[in-house]
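Asker: Please find one structure pasted underneath; my questions will follow.
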Amino acid sequence: MNTQALIEITVQPDNSLQLVNLPKVQIGTHCQSITASTSLEANGTSFSIFFQPEPATFIVCKTYDVETETYFKQEATIAVDSPIAQLDSFYFGGQPWLLSYHPDSEYVQFYRFDDKQLTITPVTGIRVGKGFTTVQPLYYRNDVFFVAYNKNTGDVVKMQIVAPAHSALYAQKVWSATWAQGWTRFAFFRLGAENFFIKTNEKYHKVNIDHFMDSIELGSHPVLNEPATEEMLSLSDVQTFYDISQYPYFFTYNPNGAMTFNRFDGDCEGWQLALSSQQSADTSLIHTVQLKECTLILML
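As C-alpha cells, then:
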C-alpha cells in the first residue's frame, strides 16, 4: 500500500482540533492499488476493508493491531466477482453489512461480514439501474435506507432496507425524484436523530446542506443554498467525522494537498473553520476511520 500519510484528529474540550501526523507507523497491508474502501466496527474491533481491482479482491484489515502495534494489519483477502466503484458499510439487525456499486452495473450488492471467520459473503443484489454516481446508506430511527443519485441525469432514489421472510436482505423503493444535475462530493452526517448532507454542484456552482425529511416517503430540502467559492469547486474530496459526543465535523481535500477541518453550525446553516493543514498532493483515495476517541485519516 503506497501510503501518503496517516493523520489522527482529536476534538478537544473547547471544540478545537488537534491534528497529529503519524510518520513512523507500521502499515500491515500489502495490496497494490486501492480504488474503494470502508470501515466498520464488530464486537469492539475496528476493521478497514479495501477493494483492489486487479485482481478484484477485498482486503480485510484490523484498523489497529495491539499485539504487533501495526495499523491496517491485513487479516484476509477475498476474491470479488464484480467491479466496485463505491463501497460502504452499514448495520442492520445488529450486524455489520457491506454495500457496493459500480455505475456500469445495474445492481447494488449487499454482503454479509463475519468478523469471526473473516469472510465477506455476497447476499443480495438490488436492481437500481446504471449510472449512479453517489450511493450512500443512512439511518432514521429504527429504519435503514440507502440513497442513490446520478449527477448526469439528476435521478435520485431512496430505498428502504428490509428483511423479508424468505430472504436475508432486500431493499424497496420508498421515494424518488429528479434533482438538478451536477451534484457531487456528497458527505452525509447526523445531528441528533436527523440526517443531513453537504454537497457541491460543479455545473451550477452551488453548495448546499440538505436535511432529509422525517417521513420515509419524503425527500430532502436545503437548509443552506449558496454560491460555491472557487475553493469549494476545486476540491476533490469532502468527508464527515464526529467528536466523542457525536457532534459532526467535516474535512476537505484539494489536489494540491490543502486541507480544511470544519465544525458544522448547530442550525446546519453553515460551518466554522477549525483548522487548516498542508498534506501530500495528488492523493488518490482518503480512507477515514471513525473511532470513539478520535478519527484516523489514511491518505493513499
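When we follow my numbering, the leftmost residue of the sequence shown carries the number 15, and every step to the right adds one.
All residues carry an ideal CB built from backbone N, CA and C; glycine is no exception.
None of these values were measured; they are calculated from a predicted model.
#1: Quick one: residues in its chain with C-beta nearer than 6 Å to the C-beta of Val161, no 5 flanking neighbours on either side, listed in chain order?
#2: On the DSSP letters alone, give me the boundaries of the beta strand (DSSP E) that Met246 sits inside.
#3: I need the boundaries of the beta strand (DSSP E) containing Tyr125, first residue and last residue.
#4: Please report the straight-line C-alpha distance between Thr91 and Pro67, rounded to a whole angstrom.
#5: Which residues share a DSSP beta bridge with Tyr163?
#6: Starting from Tyr184, trace the beta strand (DSSP E) in both directions and tell me its first and last residue.
#7: Check whether the segment 45 to 65 touches the segment 285 to 292, counting contact only when three or more Cβ pairs, one atom from each stretch, lie closer than 8 Å.
#8: Please indicate yes or no: does the CB of Leu289 lie closer than 7 Å to some heavy atom of the ligand FAD?
#9: So for Tyr261, helix, strand or coil by DSSP?
#10: Skipping 5 residues on each side, what residues in its chain have a beta carbon closer than 7 Å to that of Phe104?
#11: Since I believe Asp129 is in contact with Phe61 (beta carbons under 8 Å), could you give me their beta-carbon distance rounded to a whole number of angstroms?
#12: By Cβ distance, which residues of its chain are closer than 6 Å to Ile134, with the 5 residues on each side in sequence left out?
#13: Could you tell me the boundaries of the beta strand (DSSP E) in which Asn239 lies?
#14: So what does DSSP say about Met313, is it helix, strand or coil?
#15: Are the beta-carbon atoms of Val252 and Thr243 separated by less than 8 Å?
#16: In angstroms, rounded to a whole number, what distance separates the CA positions of Thr297 and Pro178?
#17: Taking 8 Å as the cut-off, does the segment 219 to 236 touch the segment 256 to 263 (at least 3 CB pairs, one atom from each stretch)?
#18: Any idea what DSSP makes of Asp79, helix, strand or coil?
#19: DSSP state of Lys87, grouped into three classes?
#20: I'd like to know whether the C-beta atoms of Val25 and Leu33 end up nearer to each other than 8 Å.
#21: For Ala201, count neighbouring Cβ atoms within 10 angstroms of its own Cβ and tell me buried if that reaches 16, exposed if not.
#22: Apart from the five residues just before and just after Thr39, which ones in its own chain have a Cβ nearer than 7 Å to its Cβ?
#23: Mind pulling the beta strand (DSSP E) runs of 3 or more residues that sit fully within the segment 18 to 51?
#24: Assuming Val221 is part of the beta strand (DSSP E), what are its boundary residues?
#25: Residues in the same chain with beta-carbon distance under 6 Å from Leu312, minus the five sequence neighbours each way, listed in chain order, please.
Answerer: Inspection of the coordinates gives the following:
#1: Excluding sequence neighbours, Val161 sits near Gln150, Lys172.
#2: Premise fails: Met246 lies in the alpha helix (DSSP H), 244 to 247, not in any beta strand (DSSP E).
#3: Element bounds for Tyr125: 121 to 128.
#4: The straight-line gap separating the alpha-carbon atoms of Thr91 and Pro67 is approximately 13 Å.
#5: Beta-bridge pairing links Tyr163 to Thr148, Val170.
#6: Its beta strand (DSSP E) spans residues 184 to 192.
#7: Counting C-beta pairs closer than 8 Å gives fewer than three between the segment 45 to 65 and the segment 285 to 292, which falls short of the contact rule.
#8: This structure does not include the ligand FAD; it has no bound ligands of any sort.
#9: Note: Tyr261 maps to coil in three-state DSSP.
#10: Around Phe104: Trp111, Leu113, Pro151, Val158.
#11: About 7 Å separates the two Cβ atoms, so the contact holds.
#12: If the five residues before and after Ile134 are omitted, its C-beta is found closer than 6 Å to the C-beta atoms of Phe72, Ile92, Tyr125, Phe127, all from its own chain and listed in chain order.
#13: Looking at the DSSP string, the run of the beta strand (DSSP E) that includes Asn239 is 234 to 241.
#14: Strand at Met313.
#15: With contacts defined as CB atoms closer than 8 Å, Val252 and Thr243 fail to qualify as a contacting pair.
#16: Straight-line spacing of the CA atoms in Thr297 and Pro178 works out to 42 Å.
#17: The segment 219 to 236 and the segment 256 to 263 do not touch, with fewer than three beta-carbon pairs separated by less than 8 Å.
#18: If DSSP states are grouped into helix, strand and coil, Asp79 belongs with the strands.
#19: In the structure shown, Lys87 sits in a strand (DSSP, three-state: E or B).
#20: Their beta carbons are not under 8 Å apart, which means Val25 does not touch Leu33 by this criterion.
#21: The residue in question, Ala201, is buried, as its Cβ has 16 or more Cβ neighbours within 10 Å.
#22: As written in the sequence, residue 39 is Val, which differs from the Thr given in the question. Result list for Val39: Leu20, Tyr85, in chain order.
#23: Within the segment 18 to 51, complete beta strand (DSSP E) segments of at least 3 residues are found at 19 to 25, 31 to 35, given in chain order.
#24: For Val221, the enclosing beta strand (DSSP E) has its first and last residue at 220 to 226.
#25: Counting only residues of its own chain and dropping the five nearest sequence neighbours on each side, Leu312 has a CB closer than 6 Å to the CB of Leu20, His301.
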